[in-house]
Amino acid sequence: QISIRGGFLPPHCPVTVWARMHSDEGDLWEAFAHYNTNAMSSDASVGGSYVGCEPMGLFWGMQPAPGGREGLRLRKRNVETPFVVRISLLEGHVSPGEGQTTELAAVTAERWYLTPGVKRTEIHLYRLKEPQIRPGPFPAMLDMWGMGGGLPEYRASLFASRGYASLSLAYIGHKDLPGRPNCLTVGDSYFKAAFQLLQDHPQVVSDRVGIIGLCFGCYLTLRIAVQTGIEETLRAAGKSHLFTRLSYPGAGHLIEPPYAPNVRESMWTYKPKKLFTMWGGHPAPHAAAQEDVWKKILDFMETNLRC
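If you want it as structure tokens, here you go:
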């Protein structure tokens, strides 16, 4: 988290805090909140993109600016550059972009996903593409996303920044894969080869490799790592404590690293049609779920993978 404070304001002064940034695709995202005092970490927003005491609300509360493209999802395409967020303090309770506003102060913040010193490489082997290996040996994570395709690296970058050799695996919609761009053309052997690639890597501790998935990547994770009926088997063996199921009412389908905006719907291009997928969720409970589950993921990794 970061702390945002405004100074030299009279008590209970009405102000608006406005955050905006451009995605890697060039789309403008923004969020704003109305306050009557000067400390976002201890005071409550009374209106805007969120209400209540939410120190990181300006980040998870972001939405595409009015007039922008429809069906957007905020994803970091280039992890070697930051998101650059401009945060402005405006006079009064206003809606940015609507009429005249007076800017009292402004600051720029950078959000990085890759810490300095992490080595990023790409290895093409059996049509696998492997970034985020740095000197080790280290415990490792195999990271698989959903059917949106491509090669999202920002979660793997966060793992790598915490000392895990991380492989973000492309399996659909990537130029290095065979077949049609929007079709799954690789089978079980491809995913097993990816896991084996990590295990055999000289900078990886071979018996400290974890797997994580999102959306269809969850199915792939379970398919690779879990035997059918694992929950019943563990219960029968008196080991049910090794299996944890988490439920977050109000959260949507796309649980990402913390402070990412909730995307209730996004657009898929399936030529010649454009389709909208509803992911559900509400911003505040979704943000709380992302923050909580991220801590649990990191705790699980530290307990089970760290040597």
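The sequence shown runs -16 to 290 under the numbering used here. Just so you know, even glycine gets a beta-carbon here, dropped at the ideal spot from N, CA and C. Quick caveat, the model's predicted, so the values are computed rather than measured.
For the 8 Å CB-CB criterion, Met127 and Leu203 form a contact. Check the Cα spacing between Ala208 and each of Gly235, Asp10, Phe226: the tightest is with Phe226. A buried status is given to Lys59, since no fewer than 16 other beta-carbon atoms sit within 10 Å of its beta-carbon. Residue pairing for Leu11: DSSP places it in a beta bridge opposite His5. Between the alpha carbons of Arg(-12) and Thr20 lies a distance of about 9 Å. Distance check between Phe42 and each of Val(-2), Ser6, Glu63 places Ser6 closest, using alpha-carbon atoms only. Here Trp277 carries a helix assignment [DSSP, helix/strand/coil].
Per DSSP, the unbroken alpha helix (DSSP H) holding Leu203 starts and ends at 199 to 208. Straight across, the Cα-Cα distance linking His236 with Trp251 is about 16 Å. Here the stretch 270 to 277 lies against the stretch 237 to 246, with 3 or more beta-carbon pairs under 8 Å apart. Here DSSP, grouped into helix, strand and coil, assigns His17 to strand. With respect to Leu197, Leu150 sits apart: the two C-beta atoms are not nearer than 8 Å.
For Lys256, the uninterrupted beta strand (DSSP E) segment begins and ends at 256 to 261. Burial state of Arg206 is exposed, judged by a 10 Å Cβ sphere holding fewer than 16 other Cβ atoms. Around the CB of Phe283, fewer than 16 other CB atoms lie within 10 Å, so the residue is classed as exposed. With a cutoff of 8 Å on beta-carbon distance, Tyr147 and Pro122 are scored as near each other. With contacts defined as CB atoms closer than 8 Å, Val77 and Thr(-1) qualify as a contacting pair.
Unbroken alpha helix (DSSP H) stretches of 4 residues or longer found wholly inside the stretch 28 to 83: 40 to 43, given in chain order. For the options Ala27, Thr98, Leu55, Gly119, the alpha carbon positioned closest to that of Gln186 is the one of Gly119. For Phe121, the uninterrupted beta strand (DSSP E) run begins and ends at 121 to 127, by DSSP.
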